[in-house]
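Remarks on the structure that follows.
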Amino acid sequence: MTTIAEKPQLISSRKDAQFEVTLYKNVGVEGAHTLETYLEGGGYKAAKKALTTMTPEAVVDEVKRSGLRGRGGAGFPTGLKWSFMPKPDGRQRFIVCNADESEPGSFKDRYLMEDDPHQLLEGMVIAGYAIGATKGVLYVRGEYYKSYERLREALAEATAGGYLGKGLFGSEFDFEIILHRGAGAYICGEETSLMNSFEGLRANPRLKPPFPAQAGVYGLPTTINNVESFASAVHIIAKGADWYASMGTDDSKGTKLYQVSGPAAKPGVYELPMGATFRELIFELAGGPTEPIKALIPGGSSTPMLAFNDETLDTPMDYGSIAKKGSMLGTGGVILIPQEKCIVNATWNLVRFYAHESCGKCTPCREGISGWMTKMYQKLVSGRGEAGDVELIEIMSRNIKGKAFCPLADACLGPVQSSLALFRDEYEHLAEHGTPKYTKTNWWSA
Amino acid sequence: MIELDTIKPYFEGKEDVLGEILGRYPDYGRRSAIMPLLWEVQRAERHVSEARLEEIAHIVGVHATEVKGVMSFYSTYHEQPVGKYHLQICSTLSCSLAGSDEMFDFISEETGLVNGETDGSGIFSLQKVECLGSCGTAPVLQVNDTYYERVTRSSCKELLDALRSGEMLEPPRERGGDNEGAEKPKIGSEQRVGREA
């Protein structure tokens, strides 16, 4: 008897018995950052497999087939990005790791680097081989000193052990990594700013095109990925694209590190298959909120906030489903905003962040965000608001949107426009009365 | 007559350190050494003075203005010396929701400093900073390069008292989330402990 082949059910919950923690399995394990422990857990076997049994094209294809999308926030398909590199022409090529994790609400990469640095290095070896780059650049944000120290030790160990250097695993492939420390600038998370920063220039973004694959670091062909993307590549090569693609949803495959911050019983990083719901993350893993919540930011501070209700909670955390709600998966950094927090104040906190981090290069961001938006929010939260202020913020937002040189200004508008759409009454209340609708100020409980 | 600056160059006698930093980058990327050279000087002297800035410019082969342009772009390089303990309080949303504004006020009262100040004896500098990537273990206080997470009133007081007496406390490793309650240590750790002992 024949049966119609059914589309296999994708794993999209941690409750699925077949799900196992992979990216995050070494985090919190004492000594996991050492080469010895990493090797005991099967470390560098994926790199060996790629370099000794696969062609670079096969590695790119495997990652393409896995459906991995960039974990830095934009969600661009990783394998496709790797395939954009021009044909080898004798010029030096670079693979760059963007470890400038700075988007408020995002803190996954830090633990990967502190507790499992070799996983990242192995991912870079694989990616370097795939795109034909013999040099890697690992740009880690300046504040992550522990990560920097751990990576420095790991690089020394890996080099001494023959996992970096010349003729890796008996192949003809040479690979070395330059570890570079940032110095406190959110804009360096933008890929071209990061490259300028690495080159010893002011970290203003560059005009695109040319894209990094054509002219990246030192004007040479470059591919840049996020820490978690490299870590994911290790497991894709080790376990195969089919395994990876058996998790997730139609447009989002594999596992992902989600983060919970704000008033939750057990905030932190949780690894879930893509497509798990906010409810599973917040209630089943993070232990639920510790006080009434009115909104959540789904993927780092730039992603528009959503009302905290059943509809949002039952939304699968994948690229498409969150986009349908008018927001973005971003970095997967969920921030819970309590009922008692004045939303204008909370939004002002983020506007202040973006104003501080604006590089000043283009007018819409410098004058719009650092200048006018800042002044309007200061006016409101200091109780000097008046009729028309809320409309003015709305008009300014519309005029800034899509006009800036890089995504930073639009990132600031995420919380501004979404908080206005959801909680306009709080803005009006503050403008009218000079005092917020919610007045709680002491948040230091312990 | 021009008076010559007689300050001993920072990298004089530190050729190995300098060589290691310059050696990280390809020949065509010598300028990339600007940031690590600034870090090297700042870690030793808690700021980068005009003289050091010129020295770095000379090493890299650019004008001092170029180095100053780079240095001034970033928020963690200091033109003026910071205190022995640089207290940096994350003030962005997740930390704010966990009480970082109140923590700042508390430290401000304890030290008598306002934002951006260094005390007369050069022990403490106080600074509000933006997101440190410790949102799940908020609020976070960064002292020099060390993160102290999930800071409470009592742990904050304890830490400040220890710093006043010149002692950096070992921060507990806070991670939150998935590894909470994970069995540890695991693989091979017994042997390692044995070897170290």
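Residue numbers (our numbering), protein chains in the order written: chain A, 126 to 571; chain B, 4 to 200. All residues carry an ideal CB built from backbone N, CA and C; glycine is no exception. Fair warning: this is a prediction, and the values are worked out from it, not measured in the lab.
Nearest to Gln134 of chain A by C-alpha distance, out of A:Leu263, A:Met372 and A:Ile422, is A:Met372. Using a CB distance below 7 angstroms, the part of the segment 391-404 of chain A facing chain B consists of Lys391, Pro392, Gly393, Val394, Tyr395 and Glu396, ordered along the chain.
When DSSP states are grouped into helix, strand and coil, Gly445 of chain A belongs to the helix group. With contacts defined by Cβ atoms closer than 9 angstroms, Arg306 of chain A and Gly72 of chain B do not form a contacting pair. By the Cβ rule, the segment 469-478 of chain A does not count as touching the segment 74-90 of chain B, because fewer than three pairs are nearer than 8 angstroms.
Think of a sphere of 7 angstroms around the beta carbon of Ala471 of chain A: the chain B residues whose beta carbon falls inside it are Leu96, in chain order. Contact annotation: the segment 185-198 of chain A does not touch the segment 407-422 of chain A, with fewer than three C-beta pairs closer than 8 angstroms. Contact check for Pro181 of chain A and Ala285 of chain A: beta-carbon distance about 26 angstroms, past the 8 angstroms limit, so the pair fails to qualify.
Every beta strand (DSSP E) of 3 residues or more that sits fully in the segment 368-414 of chain A is shown, in chain order, as 380-386 and 393-398. Annotation: Val51 of chain B to Gln83 of chain B spans about 7 angstroms, alpha carbon to alpha carbon. Apart from sequence neighbours up to five positions away, the residues of its chain that approach Gly102 of chain B with a beta-carbon distance below 6 angstroms are Pro142, ordered along the chain. Taking the Cα positions, Pro441 of chain A is about 33 angstroms away from Met498 of chain A.
In this structure, the beta-carbon distance from Tyr479 of chain A to Leu533 of chain A falls below 9 angstroms.
Partner residues in the beta bridge of Ile418 of chain A, as assigned by DSSP, are A:Pro463. Residues of the segment 540-554 of chain A with a C-beta less than 7 angstroms from any C-beta of chain B: none at all. Of the other Cβ atoms in all chains shown, 16 or more fall within 10 Å of the Cβ of Gln145 of chain B; this residue is therefore buried.
Secondary structure note for Phe355 of chain A: its alpha helix (DSSP H) is the uninterrupted segment Val352 to Lys364.
Boundaries of the beta strand (DSSP E) around Phe127 of chain B: Phe127 to Val132.
The beta carbon of Arg34 of chain B sits closer than 7 angstroms to those of Val63 and Val65, all from its chain and outside the five residues before and after it, given in chain order. For the segment 25-40 of chain B, residues whose beta-carbon sits nearer than 9 angstroms to a beta-carbon of chain A comprise Arg27, Tyr28, Pro29, Tyr31, Gly32, Arg33, Arg34, Ser35, Ala36, Ile37, Met38 and Pro39.
At least 9 angstroms separates the beta-carbon of Asp234 of chain A from that of Asn151 of chain A. According to the DSSP secondary-structure assignment, Arg194 of chain A is paired through a beta bridge with A:Pro202.
Less than 9 angstroms separates the beta-carbon of Tyr270 of chain A from that of Asp148 of chain B. Shown here, Tyr479 of chain A sits in a helix according to DSSP, grouped into three states. The straight-line gap separating the alpha-carbon atoms of Phe336 of chain A and Leu163 of chain B is approximately 48 angstroms.
Counting along the chain, the unbroken beta strand (DSSP E) around Leu304 of chain A starts and ends at Glu301 to Arg306. When the Cα atoms are used, Arg194 of chain A and Leu505 of chain A turn out to be separated by approximately 40 angstroms. For the segment 90-165 of chain B, the continuous beta strand (DSSP E) assignments of 3+ residues that do not extend past its boundaries occur at 127-132, 144-146 and 149-151, in sequence order. Annotation: Ile220 of chain A is outside any alpha helix (DSSP H); the continuous beta strand (DSSP E) that includes it extends over Phe219 to Ala224. Close to Asp181 of chain B, with beta-carbon spacing below 8 angstroms, are these residues of chain A in chain order: Val146, Tyr149, Val152, Gly153, Gly393, Val394, Tyr395, Glu396 and Leu410. For the segment 349-370 of chain A, the beta-carbon criterion of a distance under 9 angstroms to any beta-carbon of chain B is satisfied by none of its residues. Inter-residue distance for Thr348 of chain A and Lys260 of chain A is about 11 angstroms (C-alpha atoms, whole angstroms). According to the DSSP secondary-structure assignment, Leu293 of chain A is paired through a beta bridge with no residue.
In the three-state DSSP reduction, Gly26 of chain B falls in the helix class (H, G or I). For Cys222 of chain A, the closest C-alpha among the options A:Leu276, A:Arg216 and A:Leu205 is that of A:Leu276.
Across the set A:Cys490, A:Phe408, A:Ile303 and A:Phe403, the C-alpha of A:Phe403 shows the shortest separation from the C-alpha of Ser446 of chain A.
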